Amino acid sequence: MSIHFTVSELTRNLFHSLGLDHERAPRPLNPEESLLLECYLAGHIPESAWSDYVFETPDLARHAKARRLSH
21 MSIHFTVSEL TRNLFHSLGL DHERAPRPLN PEESLLLECY LAGHIPESAW
71 SDYVFETPDL ARHAKARRLS H
């Protein structure tokens with residue numbers, strides 16, 4: 021039996037065990053995604069629809085979380 025690890029897996033595990041693994045910054049949103057985020061944060065998009073958008077573009081959830089934490 022052999023065990024295989026890549027350097028990135030070992031590094032990620034080391035950072036995680038040290039508590040240094042912070043989420044990566046989300047990529048910048050395009051204008052349409054920015055408008056969508058603003059509408060969601062203003063309460064104009066229901067959670068069910070937002071879930072569909074987040075499924076397609078996971079960075080939307082990261083941006084929403086970051087905005088909530090900063091306010």
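Sequence positions in the sequence shown follow the numbering used here and run 21 to 91. C-beta: ideal position from N, C-alpha, C; glycine also. Remember, it's a predicted structure, so these values are computed and weren't measured experimentally.
### Message
Measuring straight from C-alpha to C-alpha, what distance separates L61 and F75?
### Response
Residue 61 sits at position 41 when you count from the first residue of the sequence shown. Residue 75 sits at position 55 when you count from the first residue of the sequence shown. Using only the alpha carbons, I get a separation of about 17 Å.
### Message
For L55, which residues in the same chain have their Cβ closer than 6 Å to its Cβ, ignoring the five residues on either side in sequence?
### Response
Mapped onto the sequence shown, residue 55 falls at position 35. Here the set comprises nothing.
### Message
My assumption, with CB atoms under 8 Å, is that H83 sits in contact with P46. Please give the rounded CB distance.
### Response
In the sequence shown, the residue the question calls residue 83 occupies position 63. In the sequence shown, the residue the question calls residue 46 occupies position 26. Rounded, the Cβ-Cβ distance is 5 Å, consistent with contact.
### Straight-line gap, A81 to G63 (C-alpha atoms, nearest Å)
By 1-based counting over the sequence shown, the position of residue 81 is 61. By 1-based counting over the sequence shown, the position of residue 63 is 43. Each residue's Cα considered, the two are about 15 Å apart.
### Query
Going by the C-beta, is L49 closer than 7 Å to any heavy atom of the ligand COA?
With respect to small molecules bound, the structure shown includes none, and the ligand COA cannot be examined in it.
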